[in-house]
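Q:
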Amino acid sequence: MVEKKPIVTDTKTPLTENVEKRFIDTMPCTYILSVLAATNAELITYPLDLTKTRLQIQGELAKAQEVKAKYRGMLATAFGIVKEEGPLKLWYGMSSIIYRHTIYSGVRVCTYDYLRTTFGHDNLPVWKSALFGVLSGCLAQWLANPADLVKVQMQMEGKRRLMGEPPRVLSPHHAFVDIYRRGGIVGLWQGSVPSVQRAALINLGKAKLVNIELLCFLHKLGIIYKGSLDCLKQTVSAEGYMGLYKGFVPHWMRLGPWALTFWVSFEQLRSILGGAAF
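End of the sequence shown = 278 in full-length UniProt numbering, gap-free, step of one.
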């Protein structure tokens, strides 16, 4: 007679049981930390961004008033703002760029993380990382284009008031409503093509300036650009080839500190919450 062995029931937890995901590893947390890190980076580098915009727009202001542009270089522009408008004006319009990063940085980092997790692996090849970066940057910049328009309007308000002109917008919300009232939904994405090109190619020269010049239609200076090529042609005709690179120095000087501050802040926030390196 063969002795039957008792059936032993395995009481161990199945390997397929779902492990609860920590908040630090969720997309909402990544989104929030991205916006906070971007805000910290902007607090440090925003004066350079304002100086860059003033440099790029000064040719249009001078042309509209038929006078010679007052500021010619980065330092002269920055010191001019401090002397005539006050040091705090170097951060004028800061709230608008925070709104921009609420869309841009949050979407960019979360989209990249999603693509990396879904279609990549631990040892992501360089070409894949670059592709994911381009795709996430393009999407984020396209969605954030209305906020870019608002940012430029707010950055120029201090200059307009100093010149004795009545204020055009009183707040980022007012600027957004004003842009929508003038151009509708389509107007909110005016200049989005060169803006997305810049985000994809990380072009520090012409693509950056063409984007800003195209936004000048908001100021009703009597010059309406039909597109990027028309803007390029008119800029070269009026200000010369080097006019395409106005604002390059402060923009270039801003990129390194901004990226360093952003990623250090982002990683530190993740570390505080108990997360691993991104």
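Built from N, CA and C at the ideal position, the CB exists for glycine as well.
What did DSSP end up calling residue 292 once you bin it into helix, strand or coil?
A: What the structure shows of the chain is the stretch from 1 to 278, and residue 292 is not part of that stretch, so it cannot be assessed.
Q: Pick helix, strand or coil for Gln197, following the three-state DSSP scheme.
A: helix
Q: Between Ala199 and Gly137, is the Cβ-Cβ spacing less than 7 Å?
A: yes
Q: Distance check for Arg160 and Phe132, CA to CA, integer angstroms please.
A: If I take the Cα positions, the gap works out to 40 Å.
Q: Tell me which residue opens and which closes the alpha helix (DSSP H) that Tyr100 is part of.
A: Residue identity differs from the one stated: residue 100 is Arg in this sequence, not Tyr. Taken as a continuous stretch (DSSP letters only), the alpha helix (DSSP H) holding Arg100 covers 94-119.
Q: Hey, Val193 and Gln141: beta-carbon distance below 7 Å or not?
A: no
Q: Determine the direct distance from the alpha carbon of Gly120 to that of Ala130, and round the result to whole angstroms.
A: Between Ala130 and Gly120, the alpha-carbon positions lie close to 12 Å from each other.
Q: Ser34 and Gly80 - do their beta-carbons sit closer together than 7 Å?
A: no
Q: Can the beta-carbon of Ile179 be found less than 7 Å from the beta-carbon of Gly187?
A: yes
Q: Evaluate Val169 with the Cβ neighbour count: other Cβ atoms within 10 Å of its Cβ, from every protein chain shown; 16 or more gives buried, anything less gives exposed.
A: buried
Q: If you draw a straight line from the alpha carbon of Cys110 to that of Gly275, how long is it in whole angstroms?
A: 15 Å
Q: Can you tell which of Gly183, Leu55, Val177, Ile103 has the C-alpha that lies nearest to the C-alpha of Met74?
A: Leu55
Q: Roughly how far, in whole angstroms, is the beta-carbon of His101 from the beta-carbon of Thr45, given that I think they are within contact range, below 8 Å?
A: 12 Å between Cβ atoms; not a contact.
Q: Could you please give the first and the last residue of the uninterrupted alpha helix (DSSP H) stretch that includes Asp178?
A: 172-187
Q: Using a Cβ-Cβ cut-off of 7 Å (strictly less than) and excluding sequence neighbours within five positions of Asn211, which residues of its own chain qualify?
A: Bear in mind that a pLDDT of 46 at Asn211, under 50, signals an unreliable position, so the number given afterwards is only what the model happens to contain. Around Asn211: Gly191, Pro194, Ser195, Arg198.
Q: Does the contact criterion of 3 or more C-beta pairs under 8 Å hold for the region 254-271 versus the region 90-97?
A: no
Q: Identify which residue in Thr51, Thr117, Asp113 has its Cα closest to the Cα of residue 279.
A: Here the chain covers residues 1 to 278 and nothing more, so residue 279 does not appear.
Q: Start and end of the alpha helix (DSSP H) containing Phe79?
A: 74-85
Q: Compute the beta-carbon to beta-carbon distance between Phe176 and Val150, rounded to the nearest angstrom, for a pair I have assumed lies under 8 Å.
A: 5 Å
Q: Relative to the C-alpha of Thr53, which residue among Arg22, Thr26, Tyr92, Lys21 is closest?
A: Considering only alpha carbons, the answer is Tyr92.
Q: With DSSP collapsed to three states, give me the class of Arg168.
A: coil
Q: So which of Tyr31, Ala147, Asp49 has the shortest CA-CA distance to Leu255?
A: Asp49
Q: Of the choices Leu115, Glu157, Trp252, whose alpha-carbon is the least far from that of Met27?
A: Leu115
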